[in-house]
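Colleague: Protein chains in written order, with this note's numbering: chain A, 8 to 362; chain B, 2 to 324.
#1: Whole angstroms is fine: what's the gap from residue 187 of chain B's alpha carbon to residue 229 of chain B's?
#2: What runs of the alpha helix (DSSP H), each 4 residues or longer, lie entirely inside the segment 157 to 211 of chain A?
#3: Can you find a CB in chain A that lies within less than 9 Å of the CB of residue 175 of chain B?
#4: Using CA coordinates, which residue listed in A/208, A/288, A/108, A/260 is at the minimum distance from residue 241 of chain A?
#5: So residue 90 of chain A is in the alpha helix (DSSP H); what residue range does that whole segment cover?
#6: Compute the Euclidean distance between the alpha carbons of residue 5 of chain B and residue 202 of chain B, then round it to the nearest angstrom.
#7: Let me check understanding here. Comparing Cα to Cα, which of A/344, A/317, A/187 lies closest to residue 58 of chain B?
#8: What in chain B is Cβ-close to residue 103 of chain A, meaning under 8 Å?
#9: Hey, does residue 287 of chain A have any beta-carbon neighbour from chain B nearer than 9 Å?
#10: Can you tell which of B/305, B/62, B/226 has the C-alpha that lies nearest to the C-alpha of residue 271 of chain B?
#11: Give me the Cα-Cα distance between residue 162 of chain A and residue 71 of chain A, rounded to the nearest whole angstrom.
#12: Against chain A, with Cβ distances strictly below 9 Å, would residue 192 of chain B count as a contact?
#13: Do you know whose CA, among A/172, A/352, A/20, lies nearest residue 29 of chain A's CA?
#14: For residue 261 of chain B, does the three-state DSSP call read helix, strand or coil?
#15: According to DSSP, is residue 270 of chain A part of a helix, a strand, or is it coil?
#16: Run through chain B and tell me which residues come within less than 8 Å of residue 22 of chain A, C-beta to C-beta.
#17: Taking the C-alpha atoms as reference points, what is the distance between residue 89 of chain B and residue 130 of chain B?
#18: For residue 155 of chain B, which residues in the same chain have their Cβ closer than 6 Å to its Cβ, ignoring the five residues on either side in sequence?
#19: Would you tell me roughly how many angstroms separate the C-alpha atoms of residue 281 of chain A and residue 74 of chain B, rounded to the nearest one?
#20: Can you tell me whether residue 329 of chain B is buried or exposed, with buried defined as 16 or more other CB within 10 angstroms of its CB?
#21: Is residue 279 of chain B near the ligand HEM - that is, is its Cβ less than 8 Å away from at least one heavy atom of it?
#22: Can you tell me whether residue 24 of chain A is helix, strand or coil according to DSSP?
#23: Compute the beta-carbon to beta-carbon distance between residue 55 of chain A and residue 297 of chain B, rounded to the nearest angstrom, for a pair I have assumed lies under 8 Å.
#24: For the segment 258 to 269 of chain A against the segment 284 to 298 of chain A, do three or more pairs of beta-carbon atoms, one drawn from each stretch, fall closer than 8 Å, so that the two count as touching?
#25: At a CB-CB cut-off below 7 Å, which residues of chain B make contact with residue 201 of chain A?
#26: Out of curiosity, what's the CA-to-CA distance linking residue 262 of chain A and residue 273 of chain A?
#27: Candidates B/138, B/40, B/305, B/310: which alpha carbon is nearest residue 104 of chain A's?
#28: Of all the alpha helix (DSSP H) runs that stay within the bounds of the segment 29 to 60 of chain A, which reach a length of 4 or more residues?
#29: Nearest-angstrom Cα distance between residue 62 of chain B and residue 55 of chain B?
#30: Going by DSSP in three states, residue 33 of chain B sits in which element: helix, strand or coil?
#31: With distance defined between alpha-carbon atoms, name the residue in B/125, B/294, B/217, B/166 nearest to residue 149 of chain B.
#32: Report yes if the CB atom of residue 101 of chain A is closer than 9 Å to the CB atom of residue 119 of chain A, and no otherwise.
#33: Is the shortest distance between the beta-carbon of residue 47 of chain A and the beta-carbons of chain B less than 9 Å?
#34: For residue 112 of chain B, count neighbouring Cβ atoms within 10 angstroms of its own Cβ and tell me buried if that reaches 16, exposed if not.
#35: Given that a residue counts as buried once 16 or more other Cβ atoms are within 10 Å of its Cβ, and exposed if not, what is residue 122 of chain B?
#36: Which residue comes first and which comes last in the alpha helix (DSSP H) that contains residue 139 of chain B?
The following block contains the structure:
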């Protein structure tokens, strides 16, 4: 392993990026599965902490104001704990305390908002967004970004604008992953928000697919412009085109060049033909985010989400199997046609080799 | 375990790489792909998705309740598609992505053909037989394909047939293992066998050493066993055999292999997760009904202690591995 690190350093020196001796090895970032373990045990401990509060201080759950105050105090305590550097036990305690505190605040918000769910979900989303900004912990930021997006989607659902959320979350995620290395001081924060939004995107798209009938029933009679399912897919398509456009610019391709026009046109058509096979575009974009930064976690998430979306399409109840088969046939043939075009029409030497 | 990406992130966060040279560093280490890599990637993505979409289109088309289409047309369509894909496989150069994708599409289409056969002739076969026969008939393609994804499909099909067999004949497994735990025992034993065999064969056939596939099998082995132990904690009368003993042996074996012989942090993290789940369930089952508030607090600290201890140990092993 030391050899590999030395090789990387030597290559960086060759390219004039670094000079002199290799610095001492710092504390490396933990792999994703260690972070999942951290999140799981934090969540489990939070449940027991809530159980403890419920059993020992029953009055906290009887008065939503008290629950809110205790929740805020717990989050403040967690903030102090999470500022202590590199102590695993304190980090776990901080995570668990914060999650339990958030649960108490949610209880208070829903109770105090007099069951006005739009206000409650919006307040909850704002709380989570604040935690993303201030909580000094990677796992906490991923969790809060995920929950903030889901809370915001619930608020939009209540406002009868259910389908625009995926496009908005995808735009947020694209801002993070396209600019991952642009602000070195904020890299960790950007990555955490990026992961949270990608997880939210996968979950939201999956829920829309599986719960399509429910949403469909609820909104089928609603002819408002903002309540139409196709609007969500159009926003996703627009964000996808924006992502491709940003990438073409980054790679120095002239916007009026043959390469850029063909690529943008192909992207637009891929989005258009896959409008019925929901999730395909989202999955492809996540895979592209992963490839852009050699990020295997995102690549894995993208592949798993694509397999999930294409399989769960079978259970979409508002279209016949014949209709689904036709949509998939069109998508399949079109994707292979685009591949054929890339092989036969766009010459390989047309591309800029470096970013 | 340290990828160029991770290493670069570390250098950037340390401030070793100045902000104006980050783009050069990313390109030099190929963290940011060049035009050629993008072309290859898009080519593979379009090929995979296009072919999968076509295979699923055939599946949905056949699943549609056709009244105007005769048996001959339906069978002709699926068989024709399979022949077409296999001819494509034979024509394509061996070992290319396109040839592997063709074989995987043929494998999926074979399942469609078997389902169509069962549906048309009302063979009366149980659902588990469909998946079992599918796994059996695709075996030659898996052998010649030398492609981990096809083997994982094979393992998944056998898992599905085990579950469906159990749901149909729950009494048959009963004689050996008790009642509902039979399915979990068989799934655990089969997946463990597949996991061990895969690891051993990977030393000879390097195409088998795809890390994702090995991890997938490890989850297939550890998941049912952990579930069995949880099952035995919450309803011990329902569980036959000795899941606790098997679980302890499994943990010791995993620790020895993946800590001492061949370091793999993912496997160790999985073992930690399983240990936390089992320990907390055991303590919760015995303490919560009588312990009151104190029991909740104690369990919270146990989870924090175990989670923190596991993370600390895993990070230490990770640093050890990097240095």
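From the three backbone atoms N, C-alpha and C, an ideal C-beta is built for every residue, glycine too. Just so you know, these numbers come straight off a predicted model, no measurement behind them.
Modeller: So, from the listed chains and residues:
#1: Numbered from its first residue, the second chain carries residue 187 of chain B at position 186. Numbered from its first residue, the second chain carries residue 229 of chain B at position 228. About 11 Å.
#2: Qualifying alpha helix (DSSP H) stretches, in chain order: 172 to 185.
#3: Translated into the one-based positions of the second chain, residue 175 of chain B becomes position 174. Caution applies to residue 175 of chain B, whose pLDDT of 49 falls short of 50 and renders its modelled position unreliable; the value that the coordinates give is listed next. Residue 175 of chain B does not count as touching chain A.
#4: Here the question's residue 241 of chain A lines up with position 234 in the first chain. When only C-alpha atoms are compared, the closest one is A/288.
#5: Here residue 90 of chain A refers to the residue found at position 83 of the first chain. In the DSSP assignment, residue 90 of chain A falls outside any alpha helix (DSSP H), carrying neither H nor E.
#6: Stepping through the second chain from its first residue, residue 5 of chain B is reached at position 4. Stepping through the second chain from its first residue, residue 202 of chain B is reached at position 201. Between residue 5 of chain B and residue 202 of chain B, the C-alpha separation is close to 29 Å.
#7: Here residue 58 of chain B refers to the residue found at position 57 when the second chain is read from its first residue. Among A/344, A/317, A/187, the Cα nearest to that of residue 58 of chain B belongs to A/317.
#8: Stepping through the first chain from its first residue, residue 103 of chain A is reached at position 96. Neighbours of residue 103 of chain A on chain B, chain order: 301, 304, 305.
#9: For this step, residue 287 of chain A is matched to residue 280 along the first chain. Answer yes: the Cβ-Cβ gap between residue 287 of chain A and chain B drops below 9 Å somewhere.
#10: The residue you call residue 271 of chain B lines up with position 270 of the second chain. Looking at B/305, B/62, B/226, the one whose alpha-carbon comes closest to that of residue 271 of chain B is B/226.
#11: Here residue 162 of chain A refers to the residue found at position 155 when the first chain is read from its first residue. Here residue 71 of chain A refers to the residue found at position 64 when the first chain is read from its first residue. Distance between the alpha carbons of residue 162 of chain A and residue 71 of chain A: 21 Å.
#12: The residue labelled residue 192 of chain B in the question sits at position 191 within the second chain. Not an interface residue.
#13: Walking along the first chain from the start, residue 29 of chain A turns up at place 22. Closest by C-alpha distance to residue 29 of chain A, out of A/172, A/352, A/20, is A/20.
#14: Walking along the second chain from the start, residue 261 of chain B turns up at place 260. Residue state, collapsed to three classes: helix.
#15: As a first step, residue 270 of chain A must be located in the first chain, where it is residue number 263. Helix.
#16: Position 15 of the first chain holds residue 22 of chain A. Simply 25, 26, 29.
#17: Start at 1 with the first residue of the second chain, and residue 89 of chain B comes out as number 88. Start at 1 with the first residue of the second chain, and residue 130 of chain B comes out as number 129. Rounded to whole angstroms, residue 89 of chain B to residue 130 of chain B spans 29 Å at the Cα level.
#18: For the purposes of this step, residue 155 of chain B is taken as the residue at position 154 of the second chain. Short of 6 Å from the beta carbon of residue 155 of chain B, and not among the five residues preceding or following it, lie these beta carbons of its own chain, in chain order: 136, 143.
#19: Mapped onto the first chain, residue 281 of chain A falls at position 274. Mapped onto the second chain, residue 74 of chain B falls at position 73. Distance from the CA atom of residue 281 of chain A to the CA atom of residue 74 of chain B, rounded to whole angstroms, is 28 Å.
#20: The structure shown does not extend to residue 329 of chain B, since chain B spans only 2 to 324, so no value can be given for it.
#21: Of the ligands one can find in the structure shown there are none, so the ligand HEM has no counterpart to examine.
#22: For the purposes of this step, residue 24 of chain A is taken as the residue at position 17 of the first chain. Residue state, collapsed to three classes: coil.
#23: Taking the first residue of the first chain as 1, we reach residue 55 of chain A at position 48. Taking the first residue of the second chain as 1, we reach residue 297 of chain B at position 296. Indeed they touch by this definition, with Cβ atoms about 5 Å apart.
#24: Cβ pair count under 8 Å is below three, so no.
#25: The residue labelled residue 201 of chain A in the question sits at position 194 within the first chain. The CB of residue 201 of chain A never comes closer than 7 Å to any CB in chain B; the least such distance is about 13 Å.
#26: Locating residue 262 of chain A in the first chain gives position 255, where the first residue counts as 1. Locating residue 273 of chain A in the first chain gives position 266, where the first residue counts as 1. In this structure, the straight-line span from the alpha carbon of residue 262 of chain A to that of residue 273 of chain A is close to 14 Å.
#27: Translated into positions along the first chain, residue 104 of chain A becomes position 97. When the alpha-carbon of residue 104 of chain A is set against those of B/138, B/40, B/305, B/310, the nearest one is in B/305.
#28: DSSP runs (the alpha helix (DSSP H)) wholly in the segment 29 to 60 of chain A: none.
#29: Numbered from 1 along the second chain, position 61 holds the residue referred to as residue 62 of chain B. Numbered from 1 along the second chain, position 54 holds the residue referred to as residue 55 of chain B. The alpha-carbon atoms of residue 62 of chain B and residue 55 of chain B are separated by roughly 10 Å.
#30: Start at 1 with the first residue of the second chain, and residue 33 of chain B comes out as number 32. Shown here, residue 33 of chain B sits in coil according to DSSP, grouped into three states, outside any helix or strand.
#31: For this step, residue 149 of chain B is matched to residue 148 along the second chain. Here the closest residue by C-alpha is B/217.
#32: Residue numbering aside, residue 101 of chain A sits at position 94 when the first chain is read from its first letter. Residue numbering aside, residue 119 of chain A sits at position 112 when the first chain is read from its first letter. At least 9 Å separates the beta-carbon of residue 101 of chain A from that of residue 119 of chain A.
#33: As a working mapping, residue 47 of chain A is identified with position 40 in the first chain. At least one chain B Cβ lies under 9 Å of residue 47 of chain A.
#34: Reading the second chain from its first residue, position 111 is the one you call residue 112 of chain B. That one is buried.
#35: If you number the second chain from 1, residue 122 of chain B lands on position 121. Residue 122 of chain B is exposed by the Cβ-count criterion.
#36: Looking up residue 139 of chain B in the second chain gives position 138. First-last of the alpha helix (DSSP H) with residue 139 of chain B: 128 to 146.
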